[in-house]
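Notes to accompany the following structure.
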Amino acid sequence: MPESAFPASYRALGTEPFWSVHVSEDSLRYMTPENPDGVQVPMTREQSAQDESIVSGEIEGKPIKMRARVEECSDGMSDRLYPYTVTVTFGEQELRGCARTLDG
């Protein structure tokens, strides 16, 4: 399988409700306005296509899985465009948003 085009670390975010996920080498941190420090948990990376990244973990007994793909994305609140589109499944909730590299 070709090496992923995704960086090892990136940040995803969404609105309505507001949330963000920071992905690092081996963990993810899920943050909300109610919990700005977030919850950091170990994660696994799943095999995926070259133009997508799939990571998963568990927060307080609920599975969290994020799929990011190379597709331009707008957060819907600003004029900023992001290089990645994401879908997060957290328990029964599905969240949609955008992602960028940490230095982007």
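Under full-length UniProt numbering, the residue at position 39 of the sequence shown is numbered 39, and the numbers go up by one with no gaps. Even for Gly, the Cβ is constructed at its ideal location relative to N, Cα and C.
Bridge pairing for S48: absent [DSSP]. Its Cα nearest to that of S9, the residue V23 stands out among E16, V23, T15 and P17.
With 16 or more other Cβ atoms inside 10 Å of its own Cβ, R11 counts as buried. I54 sits close to E46, with the two beta carbons spaced by under 7 Å. The three-state secondary structure of R100, taken from DSSP, is strand.
Straight-line measurement puts the Cα of T89 at about 5 Å from the Cα of K65. When secondary structure is reduced to three states using DSSP, P63 falls in the strand class.
In the three-state DSSP reduction, E72 falls in the strand class (E or B).
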